[in-house]
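For the sequence shown, the numbering used here assigns the number 11 to the initial residue and increments by one for each residue that follows. Ideal Cβ placement from N, Cα and C applies to all residues, glycine included. Worksheet: one structure, shown below.
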Amino acid sequence: MKKSLFNFLTTFLLCGICGFASAQLSIKVNEKVFSKNDFTGSWLKSPETVDAGDTIVFDMSQAVCSGPYLLVPFSIISDDVIYSIDFSMQFDNSKITFEGTLDYKSYLNSAANFNTFDSTLRYTSFSFSQPIDHDTCLGAIRFNLLSGPVVASDFDSILTFLNGDACSFKLIDAVFPVATITASGPLFL
């Protein structure tokens with residue numbers, strides 16, 4: 011058995027070094043058959059994959075103005091089990107400045123930072139106790155309102171990740187002409 015394992019590993023390494031990726035190698039050890047694919051780590055991959063079909067939603071149509079603050083809620087849409095949310099964004103600093111974030115789910119652990127050198131807001135959160143809920147408001151980004159109106163085009167360079175994998179985002183604009191978000195609060199037309 012040691013000799014067959016040695017032969018298999020030697021052949022496996024030679025094929026890898028020489029680039030014979032299509033070589034079909036296998037060995038039987040204790041009634042289990044191993045192939046070269048068993049050593050690629052493919053068995054470690056989760057059957058669930060975060061992709062462009064999974065989305066973080068920033069919903070300005072549900073934004074709340076309270077005094078000098080604007081709260082922009084966020085949620086996720088996914089067909090996968092999600093344990094972490096990360097995003098970064100830039101925005102028009104002449105209209106709003108970053109104040110903080112709010113978690114609406116007690117199981118979320120989060121941190122956020124606005125880097126003044128690159129004018130980028132970075133947010134990360136995770137849950138150890140349970141998967142993160144889908145299709146429900148998870149939290150909000152709290153901004154100081156300086157001037158308005160604030161619209162979706164005031165946000166750019168948005169990057170989003172679920173479980174550490176890139177995903178899509180959706181930025182829902184405030185509903186016009188029904189409401190305009192301004193420094194004095196929502197203005198209904």
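| Query | Result |
| --- | --- |
| Return the residue from the list D183, L131 and I92 that minimises the CA-CA distance to T107. | L131 |
| What would DSSP say about D102, mapped onto helix, strand or coil? | coil |
| Are the CB atoms of Y117 and S137 within a distance shorter than 8 Å? | yes |
| Taking just the CA atoms, how far does T146 sit from A33? | Confidence in A33 is poor, its pLDDT being 45 and thus under 50, which makes the residue's placement too unreliable to answer from. |
| Considering only the beta carbon of each residue, do F153 and V60 sit closer than 8 Å? | no |
| Quick check on DSSP: helix, strand or coil for D164? | helix |
| Take D113 and list the residues in its own chain whose beta-carbon comes closer than 6 Å to its own, dropping the five residues that flank it on each side. | S120 and G149 |
| Just the Cα atoms here: how many angstroms apart are S129 and L181? | 19 Å |
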